[in-house]
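A short write-up of the structure that comes next.
Structure representation (structure tokens):
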């Protein structure tokens with residue numbers, strides 16, 4: 001799950017979307033270095049983003065990793081590990097996790113932060129790559145590579161730090177087996193939804209997530225004519241695959257459900273929650 | 288009166304034209320005045336139409352659902368009401384609409400919808416058989 005609150009400079013979200021959509025337009029086997037001249041580089045493995053670095057970045061991954069822990073990781077221990085990795089050729093991520101210095105989740109969070117910031121900075125400097133150098137080696141651990149939409153959430157989350165934390169927790173706490181999805185705010189930059197958090201297993205493309213967000217908003221706009229309190233909707237495709245969307249305050253959510261039982265379970269849970277939160281059913285008791 | 292109900296819970300049904308949003312046939316007495324059926328019917332073309340801006344076929348194909356051109360069912364839930372709209376097979380631009388006010392159990396409404404749709408399908412099959420005989 002990405003979408004943690006960060007201090008990434010979130011200006012230029014549209015440019016980041018454009019760049020991420022360009023990455024998604026590459027062949028699914030695209031593995032190699034996408035270069036952006038002097039502005040940076042993005043490493044891809046099967047079109048997923050494994051590493052990005054921008055020339056203008058103020059922080060290195062080491063700084064992020066050290067500061068992420070409380071108390072911060074000792075710099076000496078980190079540097080010793082980096083040295084060992086350089087000699088042995090072991091990826092630093094795997095070494096950090098196997099040494100117990102970081103959990104898998106903590107490393108993923110730090111990498112998402114780093115890569116999100118790099119992509120954001122590269123996109124603002126240069127929207128299109130200057131070249132692509134294919135690699136035949138695919139040595140990045142699949143646990144630590146990112147879908148474009150995950151990094152979009154990472155970048156966008158900086159704009160809405162207050163909503164992001166709750167949206168991430170709600171999304172994680174709501175999705176059922178067979179469902180994958182994302183949280184968003186409607187009417188973000190240029191009238192498009194702002195993706196705040198994404199389920200790690202979410203296979204949606206950036207354009208699909210944005211379109212689903214627009215569709216959800218329009219659907220609820222229509223329901224407002226006959227029942228403004230409508231908070232959950234599902235739309236089922238021909239073969240029992242569904243999109244379930246719901247809203248909770250400012251934040252909206254959408255999930256793709258791969259089976260009928262998954263969508264029914266999700267809608268049922270959300271319906272119970274809607275009823276439990278209804279002030280008409282559970283009026284607030286005032287002292 | 289042909290509503291599907293259990294104590295305290297009642298579902299009203301109607302057949303609705305998906306092009307005009309007009310109620311074609313009331314399938315239960317309660318549907319006429321119940322829970323704003325006409326409002327839902329009027330909005331149904333818009334509710335299904337909003338889906339057309341997205342390449343859903345391509346999206347769902349990647350999620351393992353091949354074929355199809357549009358949504359076949361929409362479910363709407365508020366704190367007080369469950370509404371279900373489902374396209375009637377082999378009847379172009381017709382949806383069966385269920386409105387269940389005060390219902391908490393979504394599964395109950397979906398089951399009622401399935402039963403009702405089955406009744407409609409069987410009735411249509413019987414009518415076709417009769418046509419052949421006549």
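Residue numbers (our numbering), protein chains in the order written: chain A, 1 to 287; chain B, 288 to 421.
Ideal Cβ positions, reconstructed from N, Cα and C, are used throughout, including at glycine.
On a predicted model such as this, the values are computed, not experimentally measured, just so you know.
List the DSSP bridge partners of residue 302 of chain B.
Here residue 302 of chain B refers to the residue found at position 15 when the second chain is read from its first residue. BP columns for residue 302 of chain B point to B/312, B/383.
From the DSSP output, in three-state form, read off residue 374 of chain B for me.
Position 87 of the second chain, counting from 1, holds the residue named residue 374 of chain B. Residue state, collapsed to three classes: strand.
Within a Cβ cutoff of 8 Å, which residues of the same chain sit near residue 381 of chain B, ignoring the five residues on either side of it in sequence?
As a working mapping, residue 381 of chain B is identified with position 94 in the second chain. Same-chain partners within the cutoff: 302, 303, 304, 305, 311, 374, 375.
According to DSSP, what are the bridge partners of residue 236 of chain A?
For the purposes of this step, residue 236 of chain A is taken as the residue at position 236 of the first chain. DSSP, once it has assigned bridges, lists A/242, B/360 as partnering residue 236 of chain A.
Please report how far the alpha carbon of residue 351 of chain B lies from the alpha carbon of residue 165 of chain A, in whole angstroms.
Against the second chain, residue 351 of chain B aligns to sequence position 64. Against the first chain, residue 165 of chain A aligns to sequence position 165. So the alpha carbons of these two residues sit roughly 31 Å apart.
Listing by chain order, which chain A residues have their CB less than 7 Å from the CB of residue 398 of chain B?
Position 111 of the second chain, counted from the first residue, corresponds to residue 398 of chain B. Under the 7 Å cutoff, chain A gives no residues; its nearest Cβ is about 10 Å from residue 398 of chain B.
Please return the same chain residues whose Cβ sits closer than 8 Å to the Cβ of residue 12 of chain A, not counting the five positions on each side in sequence.
If you number the first chain from 1, residue 12 of chain A lands on position 12. Within the same chain, residue 12 of chain A has close Cβ partners 120, 123, 124.
Answer with yes or no whether the minimum CB distance from residue 227 of chain A to chain B is below 8 Å.
If you number the first chain from 1, residue 227 of chain A lands on position 227. Chain B, which has a Cβ nearer than 8 Å to the Cβ of residue 227 of chain A, makes this yes.
What residue range is occupied by the uninterrupted alpha helix (DSSP H) comprising residue 348 of chain B?
Here residue 348 of chain B refers to the residue found at position 61 of the second chain. Here the alpha helix (DSSP H) through residue 348 of chain B covers 343-349.
Less than 8 Å separating the beta-carbons of residue 240 of chain A and residue 268 of chain A?
In the first chain, counting from the first residue as 1, residue 240 of chain A sits at position 240. In the first chain, counting from the first residue as 1, residue 268 of chain A sits at position 268. No. Outside cutoff.
Where residue 313 of chain B and residue 403 of chain B are concerned, what is the direct C-alpha to C-alpha distance, given to the nearest angstrom?
Within the second chain, numbered from 1, the residue matching residue 313 of chain B stands at position 26. Within the second chain, numbered from 1, the residue matching residue 403 of chain B stands at position 116. Cα-Cα distance, rounded: 13 Å.
In the DSSP assignment, what residue or residues form a beta bridge with residue 35 of chain A?
The sequence position of residue 35 of chain A within the first chain is 35, counting from 1. According to DSSP, residue 35 of chain A bridges with A/41, A/131.
I'd like to know if residue 330 of chain B contacts chain A, where contact means its C-beta is closer than 8 Å to some C-beta of that chain.
Start at 1 with the first residue of the second chain, and residue 330 of chain B comes out as number 43. True, the Cβ-Cβ gap to chain A drops below 8 Å.
Closer than 7 Å by beta-carbon distance: list the chain B residues that pair up with residue 258 of chain A, in chain order.
Counting from one through the first chain, the residue named residue 258 of chain A turns up at place 258. Here the neighbours are 350, 351.
Thinking just about the alpha-carbon of each residue, which of B/328, B/307, B/416, B/419 is nearest to the one in residue 386 of chain B?
By one-based count along the second chain, residue 386 of chain B stands at place 99. Taking only the C-alpha atoms, the option nearest residue 386 of chain B is B/328.
Under the assumption that residue 358 of chain B contacts residue 237 of chain A (Cβ atoms under 8 Å), give the Cβ distance between them as a whole number of angstroms.
By 1-based counting over the second chain, the position of residue 358 of chain B is 71. By 1-based counting over the first chain, the position of residue 237 of chain A is 237. About 6 Å; that satisfies the 8 Å criterion.
Is DSSP giving residue 252 of chain A helix, strand or coil here?
Residue mapping note: residue 252 of chain A aligns to position 252 of the first chain, counting from 1. Residue 252 of chain A: strand per DSSP, three-state reduction.
Return the chain-ordered list of same chain residues with a C-beta closer than 6 Å to the C-beta of residue 265 of chain A, the five sequence neighbours on each side being excluded.
In the first chain, the residue the question calls residue 265 of chain A occupies position 265. Only 176 meet the Cβ criterion.
With a threshold of 7 Å on Cβ separation, who are the neighbours of residue 127 of chain A within its own chain once the five nearest residues in sequence on each side are excluded?
Position 127 of the first chain, counting from 1, holds the residue named residue 127 of chain A. The answer, listed in chain order, is 15, 18, 19.
For chain A, check one thing: does any of its Cβ atoms lie closer than 8 Å to the Cβ of residue 294 of chain B?
For this step, residue 294 of chain B is matched to residue 7 along the second chain. A caution first: residue 294 of chain B carries a pLDDT of 44, below 50, which makes its placement in the model unreliable, though a value can still be read off. Chain A contact via Cβ: absent.
Could you give the first and the last residue of the continuous beta strand (DSSP E) run that contains residue 53 of chain A?
Locating residue 53 of chain A in the first chain gives position 53, where the first residue counts as 1. Run containing residue 53 of chain A: 48-54, per the beta strand (DSSP E) assignment.
Rank A/116, A/60, A/131, A/98 by C-alpha distance to the C-alpha of residue 33 of chain A and give the top, closest one.
Position 33 of the first chain, counted from the start, is the residue given in the question as residue 33 of chain A. For the residues A/116, A/60, A/131, A/98, the minimum Cα distance to residue 33 of chain A belongs to A/131.
Cβ of residue 47 of chain A less than 8 Å from any chain B Cβ?
Here residue 47 of chain A corresponds to residue number 47 of the first chain, with the count starting at 1. It does not; no Cβ of chain B falls within 8 Å.
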